[in-house]
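> Residue numbers (the working numbering): 24 to 82. By construction, the Cβ of each residue, glycine as well, lies at the ideal position given by its N, Cα and C atoms. These numbers were taken from a predicted model, which means no experiment stands behind them. Have a look at this one.
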Amino acid sequence: RTRAVVVLRYLVDLPEAEVAEMLGCSVGTVKSQASRGLVKLRTVLAAVQGLPLAERTSR
24 RTRAVVVLRY LVDLPEAEVA EMLGCSVGTV KSQASRGLVK LRTVLAAVQG
74 LPLAERTSR
């Protein structure tokens, strides 16, 4: 579900309400899954780029 939320929210650029309707969940769930997905994506990208831990956590 997290991957679907991130793709629909940020790649397809759908509003939270529309993503929630498509996935059959609440807007709050979409928000929390999007947040978790972005944190995970940042972590993975930082690891791939070989950034030190301090730089991984900063936005």
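Count the other CB atoms, across all protein chains shown, that sit within 10 Å of the CB of glutamine 72; report buried if there are 16 or more and exposed otherwise.
Label assigned to glutamine 72: exposed.
> Could you give the residue range of the alpha helix (DSSP H) that holds arginine 65?
Residues 50-72.
> Could you give the first and the last residue of the continuous alpha helix (DSSP H) run that contains arginine 26?
Where arginine 26 is concerned, the enclosing alpha helix (DSSP H) stretches over 25-29.
> Give me, in chain order, the residues of the same chain whose beta-carbon lies closer than 8 Å to that of alanine 43; leave out the 5 immediate sequence neighbours on both sides.
Contacts found: Ser49, Val50, Thr52, Val53.
> With burial defined as no fewer than 16 other Cβ atoms inside 10 Å of the residue's Cβ, what is the status of arginine 32: buried or exposed?
So arginine 32 ends up on the buried side.
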